[in-house]
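Heads up: the structure comes next, in structure tokens.
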Ligand SMILES: [Zn+2]
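In our numbering, the protein residues as written are 251 to 366.
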């Protein structure tokens, strides 16, 4: 295995490895060899709608199917536009908190809405 690793900063051939870091003695640049390390930016775990669009606080969404409103006999009709959503951590998947005219505060699952 001839791993000729040149310094990505100055192209020096004298870079040496120290654990999982490479160090260039000429310019002092250090970089990681762990492949994909630069791709490990914290995953955007954000809330996404049914089409995979990222949602944010204050967005408007459209409900895609009739949803029963918990604790009441009302049904939130598919096609209803919900304004000013608020994202929340939810263990049960109801990651959108919102207020709907005629129904009141309720929680929605992002998979049943699309960004308006
Ligand atoms: Zn260098």
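Cβ atoms here follow ideal geometry from the backbone N, Cα and C, with glycine treated the same way.
As the structure is a computational prediction, the values presented were derived from the model and not from experiment.
(request) Please list, in chain order, all residues with a C-beta atom less than 5 Å from at least one heavy atom of ligand 1. (result) 257, 259, 260, 262, 274, 276, 277, 279
(message) Less than 7 Å between the beta carbons of residue 334 and residue 308, yes or no?
(response) yes
(message) Any contact between the segment 323-332 and the segment 343-350? By contact I mean 3 or more CB pairs, one from each, below 8 Å.
(response) Contact between the segment 323-332 and the segment 343-350 is present, because at least three Cβ pairs lie under 8 Å.
(message) Going by beta-carbon coordinates alone, are residue 299 and residue 360 separated by less than 7 Å?
(response) yes
(message) Buried or exposed for residue 277, going by 16 or more other Cβ atoms inside 10 Å?
(response) Residue 277 is exposed by the Cβ-count criterion.
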